[in-house]
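In this note's numbering, the protein residues as written are 67 to 300.
Note that CB positions come from ideal geometry on N, CA and C, so glycine has one too.
Structure record follows, encoded as structure tokens.
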Ligand code: FES
Ligand code: FES
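Laid out in structure tokens, this is it:
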């Protein structure tokens with residue numbers, strides 16, 4: 067008859083005088099006292115969990131989770147404030163601000179090149195800050211305080227903005243594909259730093275790439291635009 071295998075516990079017998087027992091003894095507890103203490107603590111903890119106060123955070127978390135589940139995956143109605151106007155669109159929460167601007171609002175100045183936050187061709191200004199619109203979800207830009215400015219809204223009266231004019235005069239573009247992103251990045255930069263040096267401009271525009279290599283012209287254009295903006299020509 068085959069031998070019955072030993073249970074795992076039988077390989078680790080609770081030896082009289084072993085670590086468990088010596089631990090209890092060091093704490094001055096006998097087995098009976100130890101069992102009573104553990105049983106009592108267990109009841110106390112359980113009672114604590116079941117109080118109303120203890121349940122409230124869990125309820126709040128569930129409600130918050132339900133709230134999060136309420137958005138998407140289908141289209142949701144949002145309002146974007148773009149170039150001073152409210153635009154109502156229904157978009158899936160996964161859609162980027164760049165795609166809404168280009169495909170839904172037909173503002174195609176911001177370009178989709180890398181679509182992963184490395185080239186700057188999609189740069190727009192949101193609440194005064196230059197951002198890569200390919201890395202921002204449209205729903206995150208949808209609140210009344212987020213003012214979105216695109217290249218189309220830079221000179222609404224049909225006049226060139228000082229930055230755009232400086233780009234033309236300083237030969238700061240070739241194919242022009244990167245230019246709207248550069249202009250918006252320059253505008254946001256000059257609003258924050260109206261008196262930059264050449265080296266500061268060079269560092270500040272490190273987030274925008276130009277395949278045609280117009281960097282020298284762009285830097286000159288920014289310094290020129292700074293002068294024009296100080297002269298009230300922006
Ligand atoms: S397309 Fe957004 S950073 Fe390149
Ligand atoms: S002008 Fe052609 S990519 Fe910049």
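- Here residue 173 carries a coil assignment [DSSP, helix/strand/coil].
- For residue 192, the distance from the CB to the nearest heavy atom of ligand 1 is not below 7 Å.
- One residue list follows from the rule of a beta carbon closer than 7 Å to any heavy atom of ligand 2, given in chain order as 239, 240, 241, 242, 243, 244, 245, 276, 277, 278 and 280.
- Proximity to ligand 1 was defined by a C-beta distance below 6 Å to any of its heavy atoms, and the residues meeting it, in sequence along the chain, are 178, 179, 180, 181, 183, 184, 185, 186, 187, 188, 198 and 200.
- Judged by DSSP in its simplified three-state form, residue 196 adopts strand.
- Contact between the segment 284 to 292 and the segment 211 to 218 is absent: fewer than three C-beta pairs spanning the two stretches fall below 8 Å.
- If you draw a straight line from the Cα of residue 271 to the Cα of residue 159, it is about 30 Å long.
- Using a Cβ distance threshold of 8 Å, residue 267 and residue 249 do not count as a contacting pair.
- Within its own chain, the residues whose Cβ lies closer than 7 Å to the Cβ of residue 216, once the five positions on either side in sequence are excluded, are 148, 149, 167, 173, 175, 176 and 190, listed in chain order.
- In the DSSP assignment, residue 265 falls within the alpha helix (DSSP H) that extends over 264 to 270.
- Look at residue 212 here: in three-state DSSP terms it is coil, with no helix or strand label.
- Taking C-alpha positions only, residue 296 is separated from residue 261 by approximately 9 Å.
- Per DSSP, reduced to three states, the secondary structure at residue 221 is coil, with no helix or strand assignment.
- Beta-bridge analysis with DSSP links residue 203 to 162.
- Taking the CA atoms as reference points, residue 219 sits about 16 Å from residue 163.
- Distance from the CA of residue 291 to the CA of residue 139, rounded to the nearest whole angstrom, comes to 44 Å.
- By the CB criterion at 8 Å, residue 247 and residue 274 fall inside the cutoff.
- Residue 142 carries a strand assignment under DSSP once its states are collapsed to helix, strand and coil.
- Comparing C-alpha distances from residue 238 to each of 187, 186 and 281 shows the shortest one belongs to 281.
- In this structure, DSSP gives residue 245 a helical state, which the three-state scheme calls helix.
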